[in-house]
Amino acid sequence: MNRRRFLQTAGLTGATALAGCAGLFETDTTPTEPPLVEDRPDAVYYPTHSEGMEMAGMAKQGRWRLGLMYSFPHRFWLMGGGTSQQQEKVTIEDGDDVHLMATVWDAETMTVLPAGDVRVELSKDDWSDTRTMWPMLSQNMGFHFGDNMGLDGDGTYTADVQVSGLSIRRTGALAGQFGSAATLSTEFEITQEKLDNLSFEEYDQKKGSQGALPMMEMDMMPMSQVPPKNDLPGQFIGEQRSGDAKFLAIAVNDTEMAEDTYLAVSPRTPYRSYPIPMMSLSATVHRGSESVFDGTLKPTLDPEMGYHYGANVSGIESGDELVVSVDSVPQVSRHEGYETAFLQMPEMTFSVR
Numbered sequence: 001m002n003r004r005r006f007l008q009t010a011g012l013t014g015a016t017a018l019a020g021c022a023g024l025f026e027t028d029t030t031p032t033e034p035p036l037v038e039d040r041p042d043a044v045y046y047p048t049h050s051e052g053m054e055m056a057g058m059a060k061q062g063r064w065r066l067g068l069m070y071s072f073p074h075r076f077w078l079m080g081g082g083t084s085q086q087q088e089k090v091t092i093e094d095g096d097d098v099h100l101m102a103t104v105w106d107a108e109t110m111t112v113l114p115a116g117d118v119r120v121e122l123s124k125d126d127w128s129d130t131r132t133m134w135p136m137l138s139q140n141m142g143f144h145f146g147d148n149m150g151l152d153g154d155g156t157y158t159a160d161v162q163v164s165g166l167s168i169r170r171t172g173a174l175a176g177q178f179g180s181a182a183t184l185s186t187e188f189e190i191t192q193e194k195l196d197n198l199s200f201e202e203y204d205q206k207k208g209s210q211g212a213l214p215m216m217e218m219d220m221m222p223m224s225q226v227p228p229k230n231d232l233p234g235q236f237i238g239e240q241r242s243g244d245a246k247f248l249a250i251a252v253n254d255t256e257m258a259e260d261t262y263l264a265v266s267p268r269t270p271y272r273s274y275p276i277p278m279m280s281l282s283a284t285v286h287r288g289s290e291s292v293f294d295g296t297l298k299p300t301l302d303p304e305m306g307y308h309y310g311a312n313v314s315g316i317e318s319g320d321e322l323v324v325s326v327d328s329v330p331q332v333s334r335h336e337g338y339e340t341a342f343l344q345m346p347e348m349t350f351s352v353r
């Protein structure tokens, strides 16, 4: 259902249909977001609704690739200190016209780069606005950068997107790449008619129940999924859950990633296997009465393993016990359906066979 049809069905016209204010699109007919489910689970859940999106433009520079998309402005949550008490809900404000989204990836490995900072400047004639976009997770798009923004009415816009160099450890075919900032530019046309024709679907029956929306189909760019269990290298140690996130642990020998054995933990969202960045993990390997490793797992981006957390250990043997602790829960911002998950994350114990 596009949003014009939604408004006709709901019997909403003019100012009564607005979420906030009309912004610079004076005839804006943005549908009102349904109220949040009151009794949301401490887990990933179906949101009240989903919104269509439109590809605005693409750009490239060296191995950097950019996809820029837009949808209607909508609510999301910032994760200040990582607890529900420290969340900040971002609501639609006067002047918000679109939710702008950017995905950045590597052209050679088609790996989405869920790290760094993204700053976008939109300009049209003598109008411009600059915004640092939030790193965030959504159920149908996975990891991306986004924010609500105002526009200057119908017309052609230039987007200059500055991506910072990555400070996160990069391995494999990504080693030595993306250390310097890049600016990628694209132009796109946007009109009120295009916005009106975006889809808007409510989920009266599913909303609030545990589950997730389908991943969007986008042939023009990769999605930020991490590999399934059977595609991970090395020895599979096990899978545990904490805060409704899945954690897969593996040990890899004979790899350039470690002098001895590489211990890797891959956190991912349930249902869609999106990586969960911006958290702090540590691990202890117990062997009998002693600890053979006790330290931090370093955030790492690898084309084979995706975004994960890892460390060099002296070895992993049958009978060892691996304890993984979440020292800081994910600080990544969340779209509706993720904001109540990944908050209370007790430690996990894996038994090595």
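Numbering (full-length UniProt numbering), first residue to last: 1 to 353.
Backbone N, C-alpha and C define an ideal beta-carbon position, used for all residues, glycine too.
Note that the coordinates shown come from a computational prediction; the quantities given were computed from them, not determined experimentally.
query                                                                                                                                                                                 : result
Which residues does DSSP list as the beta-bridge partners of I250?                                                                                                                    : F236, A264
Leaving out five residues on either side along the sequence, give the residues of the same chain with a beta carbon under 6 Å from the beta carbon of A212.                           : V44, Q139, Y271, R272
Could you give the distance in angstroms between the alpha-carbon of E217 and the alpha-carbon of R131?                                                                               : 27 Å
Once DSSP output is grouped into helix, strand and coil, what is the label at Q162?                                                                                                   : strand
Helix, strand or coil for L195? Go by DSSP, reduced to three states.                                                                                                                  : helix
By a C-beta neighbour count over all protein chains shown, 10 Å radius and 16 as the cutoff for buried, is E336 buried or exposed?                                                    : buried
Can you pull the DSSP bridge partners for E256?                                                                                                                                       : According to DSSP, which records beta bridges pairwise, E256 is partnered with nothing at all.
Alpha carbon to alpha carbon, what distance is there between L343 and Y46?                                                                                                            : 17 Å
So what does DSSP say about L322, is it helix, strand or coil?                                                                                                                        : strand
Would you say F145 and M101 are within 8 Å of each other, going by their C-beta atoms?                                                                                                : yes
Can you list, in chain order, the stretches of the beta strand (DSSP E) that have 3 or more residues and sit fully within the region 110 to 144?                                      : 118 to 124, 127 to 138
On the criterion of 16 or more Cβ atoms from any shown chain inside 10 Å, does residue 364 qualify as buried, or is it exposed?                                                       : No statement about residue 364 is possible, as the shown extent of the chain runs from 1 to 353 and does not include it.
Secondary structure at L174, three-state DSSP: helix, strand or coil?                                                                                                                 : helix
My guess is that residue 354 and F143 are in contact by the Cβ rule of under 8 Å, so how many angstroms apart are they, rounded?                                                      : There is no way to answer for residue 354, as the model of the chain reaches only from 1 to 353.
Give every residue of the same chain whose Cβ lies closer than 8 Å to the Cβ of K194, excluding the five residues on either side of it in the sequence, and list them in chain order. : E54
Tell me the DSSP bridge mates of R169?                                                                                                                                                : T300
How would you call D219, buried or exposed, if buried means at least 16 neighbouring beta carbons within 10 angstroms?                                                                : exposed
With contact counted as at least three CB pairs below 8 Å, one residue from each stretch, are the region 183 to 192 and the region 157 to 174 in contact?                             : yes
Apply the 10 Å Cβ neighbour rule to P346 and answer buried if 16 or more other Cβ atoms are within range, or exposed otherwise.                                                       : exposed
Look at the alpha carbon of G62 and the alpha carbon of G208, and state the distance between them as a whole number of angstroms.                                                     : 43 Å
So, with DSSP's three-state summary, where would you put K206?                                                                                                                        : coil
If I measure Cβ to Cβ from D294 and keep anything under 6 Å in the same chain, skipping five residues before and after, which residues do I get?                                      : T284
Using a Cβ-Cβ cutoff of less than 6 Å, which residues in the same chain neighbour R170 once the five nearest sequence positions on both sides are dropped?                            : L301
Buried or exposed: which applies to T27, given that a residue is buried once 16 or more other Cβ atoms fall within 10 Å of its Cβ?                                                    : Because T27 carries a pLDDT of 41, less than 50, the predicted location of this residue cannot be relied on, and no value is offered for it.
State the Cα-Cα distance for the pair K206 and T48, rounded to the nearest angstrom.                                                                                                  : 8 Å
In this structure, does DSSP put D231 in helix, strand or coil?                                                                                                                       : helix
Is the CB-CB distance between M221 and G57 below 8 Å?                                                                                                                                 : no
Whole angstroms are fine: how far does the CA of V323 sit from the CA of F350?                                                                                                        : 6 Å
Excluding the 5 residues flanking S164 on each side, which residues of the same chain have their C-beta closer than 6 Å to its C-beta?                                                : G116, D117, A181
Tell me the DSSP bridge mates of V98?                                                                                                                                                 : M149
Note down, in chain order, each residue of its chain lying with its Cβ closer than 8 Å to the Cβ of V292, except the 5 sequence neighbours on either side.                            : V285, H286, V313, S314, G315, D320
Would you mind working out which of G238, S328, E290 sits nearest V265, comparing C-alpha positions?                                                                                  : G238
Does DSSP classify I190 as helix, strand or coil?                                                                                                                                     : strand
Classify Y309 as helix, strand or coil using the three-state DSSP reduction.                                                                                                          : strand
Looking at C-alpha atoms only, which residue of L166, G155, M279 is the closest neighbour of I190?                                                                                    : G155
Would DSSP call V90 helix, strand or coil?                                                                                                                                            : strand
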